[in-house]
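Numbers 20 to 248, taken from this note's numbering, label the letters of the sequence shown in order. Ideal Cβ positions, reconstructed from N, Cα and C, are used throughout, including at glycine. Quick notes on the structure that follows.
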Amino acid sequence: MRTIAEALAKRPQLSLTIKPAYSPGADGPALQSIAARRAVLTRAGIKLEPGESPGPLDFGNARIQKAIEAQFVDQFGLPAARDLRAGLAKRPATRATGESIAANTPIGESSTPADVPPTENAKPAETPVAEDPTPAEGPSAEGSKAPASRAASLAAIRAARAMSERLIEGVSVSETELAELGRRRGSAIAEELKAAGKVESARVTTVDPHTVEATRGPVVTDLDLAVAK
């Protein structure tokens, strides 16, 4: 970006056209995930600043588990929550279905909000699943109760993860929201260029965003340099 800004600064005859893009296939799921995670954190009483990323959800945290379930019941009903738990109880736990308490890390997210309580506070779920096949790394203070406790905690984590996935799928993202995301991308690039190279606003034009077919990875914004007319 700085290279383009320097080129514009050195060559006053050049102008730049920013052609922002958005992808329903890549941006849609990302916006769904952000909206669902933001709703869960709000339900958990965690306040986010305007524009602040909600970060990934810690499925091993009791406060987050309760917020996810409350949001799920509101949207899909209590019978759906019971059916989901019953279905999970019939399947053995594996790393693919949430054996660890690793957070859900959506596109572009890598940190957990600082005000989320530590994962040690995880509360066992009501419906246990098969015992965690991974042996403990050290002696347990609970003795023989440790396997049952681990299984119950795992059940809560699996349920929270599965409910979270359903909540994300249930978020509706409109074409207007996708286009607005594209416009924000274009504006951000324009501001960065102007700040980096002190380029006059008249030489930088941002056109309306267009749709691309990307399904994963970054959505590319085209930058066209041309001789100003």
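- Taking a contact as a CB-CB distance under 8 Å, the pair VAL218 and LEU27 counts as one, their CB atoms being some 5 Å apart.
- Between ARG222 and LEU107, the gap from beta carbon to beta carbon reaches 8 Å or more.
- For THR234, the three-state secondary structure derived from DSSP is coil.
- Comparing alpha carbon positions, the residue from PRO75, THR224, PHE78 closest to ASP241 is THR224.
- Of the candidates GLY47, LEU173, LEU60, the residue whose Cα lies closest to the Cα of PRO111 is LEU173.
- Apart from sequence neighbours up to five positions away, the residues of its chain that approach ALA198 with a beta-carbon distance below 7 Å are TYR41, PRO228, ordered along the chain.
- Annotation for ILE87: VAL59, ALA179, MET182, SER183 place their beta carbon closer than 6 Å to its own, counting only its chain and skipping 5 residues before and after.
- Excluding residues up to 5 positions away in sequence, LEU67, PRO73 lie with their Cβ nearer than 7 Å to the Cβ of ARG57 in the same chain.
- By the CB criterion at 8 Å, VAL192 and GLY47 fall inside the cutoff.
- The Cβ atoms of SER52 and ILE208 do not sit closer than 8 Å to each other.
- Comparing alpha carbon positions, the residue from GLU210, VAL231, ALA89 closest to ALA24 is GLU210.
- Restricting attention to beta strand (DSSP E) runs no shorter than 3 residues, the stretch 172–242 encloses them at 223–225, ordered along the chain.
- Between LEU76 and VAL246, the C-beta gap is not smaller than 8 Å, which leaves the two residues out of contact.
- Assignment of ALA63 by DSSP, reduced to helix, strand and coil, places it in the coil class.
- Here ALA175 is buried, its C-beta having at least 16 other C-beta atoms within 10 Å.
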